[in-house]
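A.B. asks: Have a look at this one before I ask anything.
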Amino acid sequence: MFQLSQQAHYDFGLRSVKTVLLLAGELRRQDPSANEESLLIRAICDANEPKFVEEDLPLFYSTLSDFFPSYCGEAESDEEFKDAYFAAVEERGLQASASSLTATRQLSQLLLARMGTVLLGAPMSGKSTAILLLADILSRLARSPKRMNASKRSASRRRRPAGRQRAAEAFSGRFASRTSRASFAAVRARGRRRTAEAESAEESEEASDEESEESSEEESEGGMENEEGDAEPAAGGGNEMYAVYYRVVNPKALSISALFGKVDSLTQEWSDGVAARMVREFAATETGSPKWIVFDGPVDSLWIESMNTALDDNQMLCLPNGERIKLRPEMRLLFEVTDLQAASPATISRCGMLHFPSRGVSWESLVRSWLNRLPHDPFTEELREDLFEYFRLVVPATLTHFQAETLESEIASPLLSLVSSLCNILQAVLHIPLDPAAEQRLESDGPKDDRAFNAGMHTPQQIRRFLHACLVCCSLCSLL
Numbered sequence: 000m001f002q003l004s005q006q007a008h009y010d011f012g013l014r015s016v017k018t019v020l021l022l023a024g025e026l027r028r029q030d031p032s033a034n035e036e037s038l039l040i041r042a043i044c045d046a047n048e049p050k051f052v053e054e055d056l057p058l059f060y061s062t063l064s065d066f067f068p069s070y071c072g073e074a075e076s077d078e079e080f081k082d083a084y085f086a087a088v089e090e091r092g093l094q095a096s097a098s099s100l101t102a103t104r105q106l107s108q109l110l111l112a113r114m115g116t117v118l119l120g121a122p123m124s125g126k127s128t129a130i131l132l133l134a135d136i137l138s139r140l141a142r143s144p145k146r147m148n149a150s151k152r153s154a155s156r157r158r159r160p161a162g163r164q165r166a167a168e169a170f171s172g173r174f175a176s177r178t179s180r181a182s183f184a185a186v187r188a189r190g191r192r193r194t195a196e197a198e199s200a201e202e203s204e205e206a207s208d209e210e211s212e213e214s215s216e217e218e219s220e221g222g223m224e225n226e227e228g229d230a231e232p233a234a235g236g237g238n239e240m241y242a243v244y245y246r247v248v249n250p251k252a253l254s255i256s257a258l259f260g261k262v263d264s265l266t267q268e269w270s271d272g273v274a275a276r277m278v279r280e281f282a283a284t285e286t287g288s289p290k291w292i293v294f295d296g297p298v299d300s301l302w303i304e305s306m307n308t309a310l311d312d313n314q315m316l317c318l319p320n321g322e323r324i325k326l327r328p329e330m331r332l333l334f335e336v337t338d339l340q341a342a343s344p345a346t347i348s349r350c351g352m353l354h355f356p357s358r359g360v361s362w363e364s365l366v367r368s369w370l371n372r373l374p375h376d377p378f379t380e381e382l383r384e385d386l387f388e389y390f391r392l393v394v395p396a397t398l399t400h401f402q403a404e405t406l407e408s409e410i411a412s413p414l415l416s417l418v419s420s421l422c423n424i425l426q427a428v429l430h431i432p433l434d435p436a437a438e439q440r441l442e443s444d445g446p447k448d449d450r451a452f453n454a455g456m457h458t459p460q461q462i463r464r465f466l467h468a469c470l471v472c473c474s475l476c477s478l479l
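Taking numbering that gives the first Met the number 0, the leading residue of the sequence shown gets 0, the next gets one more, and so forth.
This is how it looks when you write it as structure tokens:
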């Protein structure tokens, strides 16, 4: 590994080895009959492949094939995950790509083994989109019949009496679904035999619970996180038990006291900060659904060091007043950053790393997604294609000049940000003045040579000329 490039987010210490062992153990439990060497290779790839930059991946694969001659370099495909990915992409009006699918799958694997995960990449490289897509995918997979039945059995077992529940919690592990089964088996192994009447009563209770869950599932509808910051299901459709909850906060927009909390100097009363309040609310919620707190902003030692105990095996947030909040097994902390130059090695070793290359998102995908969000009236499929051809004439040549540094900008911006600005400005001016009686006037025998009629948007040719003029004007404002 000494031949790899020097990156601030690379870490190959004992915590990385532990992550590989955790993933290998999980894969072994999922498929006990699989070859151990193939499972170990897959665990090594899942734990380390996401962190490597693009130029280091060939060396990693070469080293892996030296240690494991049976390694063929082909990742095992999950068709169910793929189907959920394409459905989520289509629902959000985005463009599917191999890099986006790989990043989303790698993020799901890191969340299984790590409490904290860092999404590292330049702005507009797909970090936030990967989180949104994974939330939709997990909700869809959880609502599949096979996984839904397993979740219902797990939920019914969590409703056992208090004494049996405390005994089950003593054997609790890292993941909720696996915990309930292992705990229940452990309790039975200790010789706690139930009578036939208790068994029949419990079975009837579970049956009624399943019926109520099915009815509530049909009646309930999921939603997205609202603008006020209240945590709501990230993917729609289904019981809250199958939804993913998440909240987003910019840590650099707040002071340390506003982020974690402070003691009032006059009243000596403690008040939670934004992050402490989020963690406390999620820790008090026992739905069993995944709960994510996304820190979207630069990482530095002023605030990230206070979360080291939450990121390691303790999984406990320590507040300045001495209080400690235990994080639930389904909670995860995600960090969206552009670099880790200010992060300490202790923080880096505690987190999983997912690197997003700057070329992972193309301007064509960005424009296509924007075109999909335009109203279908009057933007027909033909007009959308014409508008995309106009983009082909303007955008590539301009971006080439920026890359060759023949054009200079006062403020350095990512190239995709320029294209996004072009789409936003064009969106603001595309309020086409349509004539409500355009069809009747075109069909009538009245005069059509008046200036007002010729300046309106009555025919497809007029609309195309208007779009072309708008694109040229907006390009001057956004790209140059």
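Ideal placement from N, C-alpha and C gives every residue a C-beta, glycine not left out.
Here's the rule I'm using: 16 or more other beta-carbon atoms within 10 Å means buried, otherwise exposed. How should asparagine 47 be labelled?
C.D. replies: Buried, by the Cβ-count rule.
A.B. asks: Mind checking who arginine 104 pairs with in its DSSP beta bridge?
C.D. replies: The partner list for arginine 104 (beta bridge, DSSP) is empty, contrary to what the question assumes.
A.B. asks: Aspartate 299 and lysine 251 - do their beta-carbons sit closer together than 9 Å?
C.D. replies: In this structure, aspartate 299 lies closer than 9 Å to lysine 251 by Cβ.
A.B. asks: Once the 5 residues before and after valine 278 are set aside, which same chain residues still bring their CB inside 6 Å of it?
C.D. replies: Leu316, Ile324.
A.B. asks: In angstroms with no decimal places, state the Cα-to-Cα distance between glutamate 268 and arginine 276.
C.D. replies: Their backbone Cα atoms lie some 15 Å apart in a straight line.
A.B. asks: Distance check for tryptophan 302 and threonine 62, CA to CA, integer angstroms please.
C.D. replies: Taking the straight line from one Cα to the other gives about 37 Å.
A.B. asks: Run through the stretch 335-376 for me and flag every whole beta strand (DSSP E) of 3 or more residues, listed as ranges in chain order.
C.D. replies: The qualifying runs are 350-355.
A.B. asks: Go ahead and label alanine 468 buried or exposed: buried means 16 or more other beta carbons lie within 10 angstroms of its beta carbon, across all protein chains shown.
C.D. replies: It is exposed - the Cβ of alanine 468 has fewer than 16 other Cβ atoms within 10 Å.
A.B. asks: So, at 8 Å on beta carbons, what are the nonlocal neighbours of arginine 463 in its own chain, with the 5 sequence-adjacent residues on each side left out?
C.D. replies: Counting only Cβ-Cβ distances below 8 Å, and skipping sequence neighbours, we find Leu382, Asp385.
A.B. asks: Within this structure, are the beta carbons of phenylalanine 355 and leucine 119 separated by less than 9 Å?
C.D. replies: Yes, the Cβ-Cβ distance between phenylalanine 355 and leucine 119 is below 9 Å.
A.B. asks: Does the stretch 352-371 touch the stretch 413-421, meaning 3 or more C-beta pairs lie closer than 8 Å?
C.D. replies: The stretch 413-421 is in contact with the stretch 352-371.
A.B. asks: Start and end of the beta strand (DSSP E) containing lysine 290?
C.D. replies: Note, lysine 290: beta strand (DSSP E), 290-295.
A.B. asks: Which parts of the stretch 253-313 are runs of the beta strand (DSSP E), unbroken and 3 residues or longer, counting only runs that do not cross its ends?
C.D. replies: Entirely contained in the stretch 253-313, the beta strand (DSSP E) runs reaching 3 residues are, in chain order, 260-262, 269-271, 290-295.
A.B. asks: If you count every other CB in all the chains shown that lies within 10 Å of the CB of cysteine 422, and 16 or more means buried, which is it?
C.D. replies: Buried: at least 16 other Cβ atoms inside 10 Å.
A.B. asks: What are the start and end residues of the beta strand (DSSP E) that includes tyrosine 244?
C.D. replies: Segment 244-248, the beta strand (DSSP E) holding tyrosine 244.
A.B. asks: If you follow the beta strand (DSSP E) that valine 117 is part of, which residue opens it and which one closes it?
C.D. replies: Residues 115-120.
A.B. asks: Assess, as a yes-or-no matter, whether the stretch 86-104 is touched by the stretch 129-140 under the definition of 3 or more beta carbon pairs within less than 8 Å.
C.D. replies: Yes, they touch.
A.B. asks: For serine 482 and serine 348, what's the separation of their Cα atoms in angstroms?
C.D. replies: Lying outside 0 to 479, the shown extent of the chain, residue 482 is not represented and no answer is given.
A.B. asks: What is the DSSP secondary structure of glutamate 220, counted as helix, strand or coil?
C.D. replies: Only weak support exists for where glutamate 220 lies, its pLDDT of 34 falling under 50; the value from the coordinates is given anyway. Coil, per DSSP.
A.B. asks: To the nearest angstrom, how far is it from the Cα of phenylalanine 59 to the Cα of arginine 331?
C.D. replies: Computed Cα separation, rounded: 28 Å.
A.B. asks: Can you find at least 3 beta carbon pairs, one from the stretch 331-347 and one from the stretch 2-22, that sit closer than 8 Å?
C.D. replies: As far as the Cβ criterion goes, the stretch 331-347 touches the stretch 2-22, which means the pair count is three or higher.
A.B. asks: Between valine 247 and valine 273, how many whole angstroms is the CB-CB distance? I'm expecting something under 8 Å.
C.D. replies: Not a contact, Cβ separation roughly 11 Å.
A.B. asks: Can you check which of these residues, Ala141, Ser361, Gly24, is closest to valine 243 by C-alpha distance?
C.D. replies: For the residues Ala141, Ser361, Gly24, the minimum Cα distance to valine 243 belongs to Ala141.
A.B. asks: In chain order, what residues of the same chain lie with their CB nearer than 6 Å to the CB of phenylalanine 66, ignoring the 5 residues before and after it?
C.D. replies: There are no such residues.
A.B. asks: So the candidates are Val52, Gly92, Asn34, Gly115; which of them puts its Cα closest to the Cα of serine 15?
C.D. replies: For the residues Val52, Gly92, Asn34, Gly115, the minimum Cα distance to serine 15 belongs to Gly115.
A.B. asks: Determine the extent of the beta strand (DSSP E) in which lysine 325 is found, giving its start and end residues.
C.D. replies: 323-325 is the extent of the beta strand (DSSP E) around lysine 325.
A.B. asks: Would you decide whether proline 297 is buried or exposed? Buried here means 16 or more other CB atoms lie within 10 Å of its CB.
C.D. replies: It is buried - the Cβ of proline 297 has at least 16 other Cβ atoms within 10 Å.
A.B. asks: For a test of the three-state rule: what should DSSP assign to leucine 429, helix, strand or coil?
C.D. replies: Three-state DSSP puts leucine 429 in coil, outside helix and strand.
A.B. asks: Have a look at Asp263, Ile424, Leu470 and flag the residue whose alpha-carbon is nearest the alpha-carbon of glutamate 388.
C.D. replies: Minimum Cα distance to glutamate 388 is reached at Leu470.
A.B. asks: Measure from the alpha carbon of glutamate 322 to the alpha carbon of each residue in Glu329, Ser361, Thr308, then state which is nearest.
C.D. replies: With distances taken between Cα atoms, glutamate 322 lies closest to Thr308.
A.B. asks: How about leucine 326 and valine 117: do their beta carbons lie closer than 9 Å?
C.D. replies: No.
A.B. asks: Between the C-alpha atoms of tyrosine 245 and leucine 38, what's the straight-line distance to the nearest angstrom?
C.D. replies: In a straight line, the C-alpha of tyrosine 245 is about 31 Å away from that of leucine 38.
A.B. asks: Is arginine 142 helix, strand or coil when you go by DSSP?
C.D. replies: Correct three-state label for arginine 142: coil.
A.B. asks: When the Cα atoms are used, what is the spatial distance from leucine 106 to glutamine 340?
C.D. replies: Rounded to the nearest angstrom, the two C-alpha atoms are 22 Å apart.
A.B. asks: Within a Cβ cutoff of 7 Å, which residues of the same chain sit near glutamate 210, ignoring the five residues on either side of it in sequence?
C.D. replies: At glutamate 210 the pLDDT is 43, less than 50, meaning the model places this residue with poor confidence; the figure from the coordinates comes in the next sentence. Closer than 7 Å at the Cβ level, and outside the excluded window around glutamate 210, lies no residue.
A.B. asks: Tell me where the beta strand (DSSP E) around leucine 13 begins and ends.
C.D. replies: Premise fails: leucine 13 lies in the alpha helix (DSSP H), 13-29, not in any beta strand (DSSP E).
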